[in-house]
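Right, one structure below, let's go through it.
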Amino acid sequence: HAKASGRNCIRRFDPLLPRPDDNAGKLVPLLTAAIDRKLVSLVYQPIFELTNEKARAVEALMRLRMPDGTAVSPKTFIPVAERTGAILELGKWAIETACRDILMTDRMATVSVNVSPIQLRSQGFAANVADILIRCGVSGSRLALEVTEGLDMDMQSEVLKCIADLRALGVEIWLDDFGSGFAGLSWLRAIEFQTVKVDRTFLHDCSNPRGLMMLQDMVALIRNRGNTILVEGVETAAQLSLLKDLRIDRVQGYHMGMPVSAELLNAA
Ligand code: C2E
Ligand code: MG
Ligand code: MG
Ligand code: MG
Numbered sequence: 381h382a383k384a385s386g387r388n389c390i391r392r393f394d395p396l397l398p399r400p401d402d403n404a405g406k407l408v409p410l411l412t413a414a415i416d417r418k419l420v421s422l423v424y425q426p427i428f429e430l431t432n433e434k435a436r437a438v439e440a441l442m443r444l445r446m447p448d449g450t451a452v453s454p455k456t457f458i459p460v461a462e463r464t465g466a467i468l469e470l471g472k473w474a475i476e477t478a479c480r481d482i483l484m485t486d487r488m489a490t491v492s493v494n495v496s497p498i499q500l501r502s503q504g505f506a507a508n509v510a511d512i513l514i515r516c517g518v519s520g521s522r523l524a525l526e527v528t529e530g531l532d533m534d535m536q537s538e539v540l541k542c543i544a545d546l547r548a549l550g551v552e553i554w555l556d557d558f559g560s561g562f563a564g565l566s567w568l569r570a571i572e573f574q575t576v577k578v579d580r581t582f583l584h585d586c587s588n589p590r591g592l593m594m595l596q597d598m599v600a601l602i603r604n605r606g607n608t609i610l611v612e613g614v615e616t617a618a619q620l621s622l623l624k625d626l627r628i629d630r631v632q633g634y635h636m637g638m639p640v641s642a643e644l645l646n647a648a
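In structure tokens form, the structure reads like this:
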């Protein structure tokens, strides 16, 4: 009957079609209660030094389970949490939990936690991080916050101020998924990152000569700036040996280590 109502008819109100945000609708109330209900957890993926193949750092990755036990990908729930503001509480919880799980056990030198631009723009974020560091009794230099290059990442002055305040605490700021969007170069221009994580698509495109050239160009760009280079998404031994040839500093990927719970990580 869509045709009958005219060629410009928008079908999204058809009650028989699933609404695209059906899942999001269920997620909204869940996300606000997720910490109390223990529906969120963190897993940790090792970050390896290529020179000695040892992991001295891990990245914290958030996991969400619905009450019935089904897992929801962060790619689904993080954007919803950003829209509703639930990311502010979840984000603080993630930083504190990562500091307790990883830094207070002294197994690893550093933990990196992903942060959303919403958090960097929010009032008092750097002060919250300072409180967490004091409560946990750990040095800020052992915490890294990963900022993902995204379309809406405008260089607002609040964000730059927040990053400066975090740097004053010793906290490192890493650029995540570099090259995945359109804003990466403007971020590199405006902010001094301690580590740049090259988006995994650059590694995965390396099977063709143009792709390899792109990765080499990315590496040269980051290296010339004196930043640490980390390549994500290493899935094969061949990729790892290519990255050794390119003298990448750090690597992360399923080939070297899967994300695991704090219990498993500390037992390993
Ligand atoms: P990301 O920060 O770039 O994290 C890396 C993602 O790649 C993770 O997916 C990880 O499990 C996956 N990965 C690791 N090694 C490999 C590999 O060898 N091959 C492939 N194909 N993938 C690999 P995950 O955990 O599903 O997270 C997806 C994204 O969700 C993250 O991308 C990050 O942007 C976001 N995210 C996760 N946790 C948080 C969080 O606590 N806060 C915020 N704001 N965002 C988060
Ligand atoms: Mg990340
Ligand atoms: Mg990220
Ligand atoms: Mg990434």
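The UniProt record's numbering puts the first residue of the sequence shown at 381, with every later residue one more than the last.
Note that beta-carbon positions come from the ideal geometry of N, C-alpha and C, so glycine has one too.
Burial is judged here by how many other beta carbons sit within 10 angstroms of a residue's own beta carbon; E433 has fewer than 16 and is exposed. Boundaries for Q632: no beta strand (DSSP E) harbours it, and the DSSP string shows neither H nor E there.
Counting only the Cα atoms, E476 lies some 30 Å from G606. Burial is judged here by how many other beta carbons sit within 10 angstroms of a residue's own beta carbon; Y634 has fewer than 16 and is exposed. Approximately 12 Å separates the beta-carbon atoms of I415 and L468; this is outside 8 Å, ruling out the contact. DSSP places S537 outside any beta strand (DSSP E); the residue lies instead in the alpha helix (DSSP H), whose first and last residues are S537 to A548.
Within the stretch 461-505, the beta strand (DSSP E) runs of at least 3 residues that lie entirely inside it are, in chain order, 490-495. Taking 7 Å as the cut-off, the C-beta of N494 counts as close to a heavy atom of ligand 2.
DSSP lists L444 as the bridge partner or partners of V420.
Taking 7 Å as the cut-off, the C-beta of D557 counts as close to a heavy atom of ligand 3. Less than 8 Å divides the Cβ of D481 from the Cβ of L422.
Closest option to E615, judged by alpha-carbon separation, among R436, H584 and A437: H584. Relative to the Cα of T575, the nearest Cα in the group S566, F505 and D557 belongs to D557.
Residue range L523 to T528 is occupied by the beta strand (DSSP E) that includes L523. Sequence-distant Cβ neighbours of G550 in its own chain, meaning closer than 7 Å and more than five residues away, are S519, G520 and S521. V527 has its alpha-carbon roughly 23 Å from the corresponding atom of A642. Each of L500, I514, I498 and A524 was checked against the Cα of T490, and the nearest Cα belongs to A524. For T575, the enclosing beta strand (DSSP E) has its first and last residue at T575 to V578. Relative to ligand 1, the nearest heavy atom lies less than 7 Å away from the CB of P454. Rounded to the nearest whole angstrom, the CA to CA distance from G613 to T431 is 18 Å. For I415, there is no enclosing beta strand (DSSP E), as DSSP marks it with neither H nor E.
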